[in-house]
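Worksheet for the structure shown next.
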Amino acid sequence: MDSTAFKVIYQHYADKLYYVCLRYLKNRPDACDALQEGFIQAYKKMSSFSGKGSFEGWLKRIIVNKCLEFLRSRKVYEELENSHMIEDYYEEPFEFDYSKEDENLQKVLLNAINQLSDGYRTIVNLVIIEGYSHKEVSELIGISVSTSRSQLVRARSQLKKYLTADQSVQIINNYYDRI
Amino acid sequence: MTEFDKLFKDNLKNGKVETPSFVWDNIENEMEEDKRKKGLFFFFRTLGILVVLLSSGLIYWVIDDLSEQTYFETIVSEPSPSSKQPNQILKPSAFDDSSTAIYSKKDQEEINKKNTNKKEAYIYESLATNNNRAEDIAKVLLLSEEKEDNGNRAEDIAKVLLLSEEKEGNGNRAEDIAKVLLLSEEKEGNGNRAEDIAKVLLLSEEKEDNGNRAEDIAKVLLLSEEKEDNGNRAEGIAEGLLLSEEKEGNGNLAEDITKGLLLEDERIDSMFIENKDLIILLTKEVTIENDPRKNKPKKMPFFIETKVGYSSYKMSLWNSSFVFGDLSNRKFKSSGLNANVSFGYQINALLNPMIGFNYNRKQAEFNYSALYDDEGYFTYNIQGKEMPLDEINDVDLLCNQFILYDIKAVFNITSFSVTVGNRFNLLQLKKIGIDLDLSYSLEVSSSIDVESIDKIDVSKNLTEYFNSKIAAGLNINYQLSKQFKLFVQAEYIFKPYNSNNFHRSDAHELINSLGLRFNF
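In structure tokens:
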């Protein structure tokens, strides 16, 4: 494949996939590196794309794997495995007052994910957003199914806490804006 | 999936953020690098395969040559006649297996004429020290093929003679008997006599008392004395036989002879079977067919070769009147095409005189600065237009001198030369050879054609005639067929300069060529 054709592909998918990288890696330099390396890998392995699934899915899987490699190098998964298990985690009630059409909603949610630790954020990305099962997650990043499950519960709890606090801040800000 | 999870999934799964532009630049650079690496990988892989193939071929040829050499040496040094060890010589395809069965039979009467000849050849070659005796045997055997009734007798003689090589005392006697028998075949009258001798010998084996046998022999010999020409010889036989009766050990002589002959017969047969390849190889016609060294194509004395190559050239060019010192960046490198046709005569490995004709054209581009004065010899142009001196920028405000900076010139250098030299054949394997060429070239004509120059025209006075250069080239050749050889050559040429209106420094040139050689 010549570079011109590949540039078209890049232009079509880069922004979406860069967003994926930011979700996993939080900081921009790492996200850029992962995106770059992912695209180069895709370029080199283009012939291995069988054409059975969607190209975007294939490309995204490469990028996600690249992000997971970055996280592995940060020893994120070991930390996840070593953190103590919580047997029964209390599911807090959560009420979220944003409307679905709110322009800031996406930003607020991304910020919420970014305040999580690397390990929790990875689990949230893989299970909640990408839709992987816990078994798949355990195979992907090499942790046990139970760890994946328990860490997700804790991550959810932290997200709720963050969003509740953020909501309070927003209400106060809105109040001050009004007065 | 809970509402909470759905909130995240719906809002974050398909988000977009503008990618920094440097990411694509980096990707593009990586892709270029990858392409370059792939190109290099492909190149080195191809080169690797080529090297492996050439090496395999070379090894094959070397081994092939060595094995043929070893094969021949093994054959010519094989084995002592008394050896009963199986022979390891490879069997030539031309060998007729059917003869093995015939030779393996101990009954000598069944040996046909053809095989007898082979056996004769074998005996002749393997018993080098007994040539005369063996020759006699051969004669007797040949004779036996012509005369049926003499066959057995002749064979007996052969056996006796072979035995005589082991037992010194009996040698002369046996020889004499053989001669008498041979004589008897030539002269009709002696035929019966010889027959009598044979009968006596046979009789002696049956009778313990050898006195009678000796008596009988004496009678026969007395008879023979009546004929002048056989008298002396017969007497000798008689004396020998009588002497043998005086010695106790000779009583059993006949028995010993019989046993010895049987043993000897077996031994010869086994050797003959084992060394049948040797026999065939020792016969003239088979040797010629099988000796690979004699099948090599004959070296033809004349050859013509043509080669085309890439020339890399390094030289300086300046003129003292307008260029001096550090102002000039005079050195330049150039590259171009070199074509050559040569004729040669092969005398031996170290003497192969050659004469060649060479065409060389290359392009050079270089920059220099010039200090120019109003007494300069040269026409000056600025961008193709003649200019008065005062319009040339006098940067350094030197009186009547002008400095021209960064003159860029593009030259086409064309030369014709005649080359004489000698080729040394350093190594010649079956198909691959390495030669060293040493030559002297007379450059008949060399011209510099200025293709473009941006400030000053220096195209005049640059054509030269009759310059000398010397060259050394190393070439590796591969024999494509009996007459064609493909070769690659690296040739270094040195061209000394001393004076000219335009000075040129000593030139160094390297030409890498690919060529084809044709042997007449």
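Protein sequences appear in the order of chains A and B.
Letter by letter, the first sequence follows residues 1025 to 1203 of the numbering used here.
Letter by letter, the second sequence follows residues 238 to 757 of the numbering used here.
For glycine and all other residues, C-beta sits at the position ideal for the given N, C-alpha and C.
Problem set entry | Against chain B: residues of the stretch 1057-1090 of chain A by CB proximity under 8 Å | Within the stretch 1057-1090 of chain A, the residues whose Cβ lies closer than 8 Å to some Cβ of chain B are 1059, 1060, 1063, 1064, 1067 and 1068, listed in chain order.
Exercise. Would a check of beta-carbon distances place residue 268 of chain B closer than 7 Å to chain A?
Worked result: Yes, because at least one Cβ of chain A sits closer than 7 Å to the Cβ of residue 268 of chain B.
For this session: Sort out for me which residues DSSP pairs residue 1060 of chain A with in a bridge.
Result: BP columns for residue 1060 of chain A are empty, so no partner.
Problem set entry | Cβ neighbours of residue 242 of chain B in the same chain (closer than 8 Å, five flanking residues each side left out) | Same-chain partners within the cutoff: there are none.
Problem set entry | For residue 545 of chain B, the residue or residues it bridges with in DSSP | Residue pairing from DSSP places residue 545 of chain B in a beta bridge opposite B:576 and B:751.
For this session: Check the Cβ of residue 1031 of chain A against every Cβ in chain B and list those closer than 9 Å, keeping chain order.
Result: 261, 264 and 265
For this session: Please confirm if residue 252 of chain B has its CB atom under 7 Å from at least one CB of chain A.
Result: Output row for residue 252 of chain B: interface = yes.
Exercise. Using a beta-carbon distance below 7 Å, is residue 1189 of chain A in contact with chain B?
Worked result: Taking Cβ atoms only, chain B never reaches closer than 7 Å to residue 1189 of chain A, which makes this a no.
For this session: Return the Cβ separation of residue 545 of chain B and residue 751 of chain B in integer angstroms, given the expectation that the two are a contact with Cβ distance under 8 Å.
Result: Your pair residue 545 of chain B and residue 751 of chain B checks out as a contact, with CB atoms roughly 6 Å apart and the cut at 8 Å.
Problem set entry | Contacts of residue 248 of chain B in chain A (Cβ-Cβ under 7 Å) | 1129, 1130 and 1133
Problem set entry | Backbone secondary structure at residue 732 of chain B - three-state DSSP | strand
For this session: Just tell me which of B:591, B:749, B:260 and B:551 has its CA closest to the CA of residue 732 of chain B.
Result: B:551
Problem set entry | Inter-stretch contact (C-beta, 8 Å, three-pair minimum) for the stretch 1159-1171 of chain A and the stretch 241-259 of chain B | Contact between the stretch 1159-1171 of chain A and the stretch 241-259 of chain B is not established, with fewer than three Cβ pairs separated by less than 8 Å.
Problem set entry | Segment contact, 8 Å Cβ cut-off, at least three pairs: the stretch 1077-1095 of chain A with the stretch 268-287 of chain B | With a cut-off of 8 Å, the stretch 268-287 of chain B and the stretch 1077-1095 of chain A do not count as touching, because too few Cβ pairs lie within range.
Exercise. Can you find a CB in chain A that lies within less than 7 Å of the CB of residue 279 of chain B?
Worked result: no
Exercise. Which term fits residue 1175 of chain A, buried or exposed, when burial requires 16 or more other beta carbons within 10 angstroms of its beta carbon?
Worked result: buried
For this session: Output, in sequence order along the chain, the residues in the stretch 1032-1056 of chain A whose CB is closer than 7 Å to any CB in chain B.
Result: From the stretch 1032-1056 of chain A, only 1034, 1038, 1039, 1040, 1042, 1043, 1046, 1047 and 1056 have a Cβ closer than 7 Å to chain B.
Exercise. Alpha helix (DSSP H) containing residue 1085 of chain A: first to last residue?
Worked result: 1079-1097
Exercise. For residue 746 of chain B, which beta-bridge partners are listed by DSSP?
Worked result: B:550 and B:730
Exercise. Ordered along the chain, which non-local residues of its own chain (more than five positions away) have a Cβ less than 6 Å from that of residue 673 of chain B?
Worked result: 661, 663 and 711
For this session: For residue 718 of chain B, name the three-state secondary structure that DSSP assigns.
Result: coil
For this session: Return the CA-CA distance between residue 280 of chain B and residue 271 of chain B, expressed in angstroms with no decimal places.
Result: Each residue's Cα considered, the two are about 14 Å apart.
Exercise. Which stretch, first to last residue, makes up the alpha helix (DSSP H) that contains residue 242 of chain B?
Worked result: 240-249
For this session: On the DSSP bridge assignment, give the partners of residue 590 of chain B in chain order.
Result: B:659
Problem set entry | Any chain A beta carbon closer than 7 Å to residue 245 of chain B | By this cut-off, residue 245 of chain B is an interface position.
Exercise. Roughly how many angstroms separate the alpha carbons of residue 514 of chain B and residue 593 of chain B, rounded to a whole number?
Worked result: Per-residue confidence for residue 514 of chain B stands at a pLDDT of 46, beneath the threshold of 50, marking its modelled position as unreliable; no derived number is given.
Problem set entry | residue 254 of chain B (DSSP reduced to helix, strand or coil) | Three-state result, residue 254 of chain B: coil.
For this session: Output yes if chain B places a C-beta closer than 7 Å to the C-beta of residue 1027 of chain A; else output no.
Result: yes
Exercise. Taking only beta-carbon atoms, is residue 242 of chain B less than 7 Å away from chain A?
Worked result: yes
Exercise. Would residue 256 of chain B count as contacting chain A if we go by Cβ distances under 7 Å?
Worked result: yes
Exercise. So what's residue 1154 of chain A in DSSP terms, helix, strand or just coil?
Worked result: coil
Problem set entry | Start-to-end residues for the alpha helix (DSSP H) that takes in residue 1050 of chain A | Per DSSP, residue 1050 of chain A lies in no alpha helix (DSSP H) segment and is marked neither H nor E.
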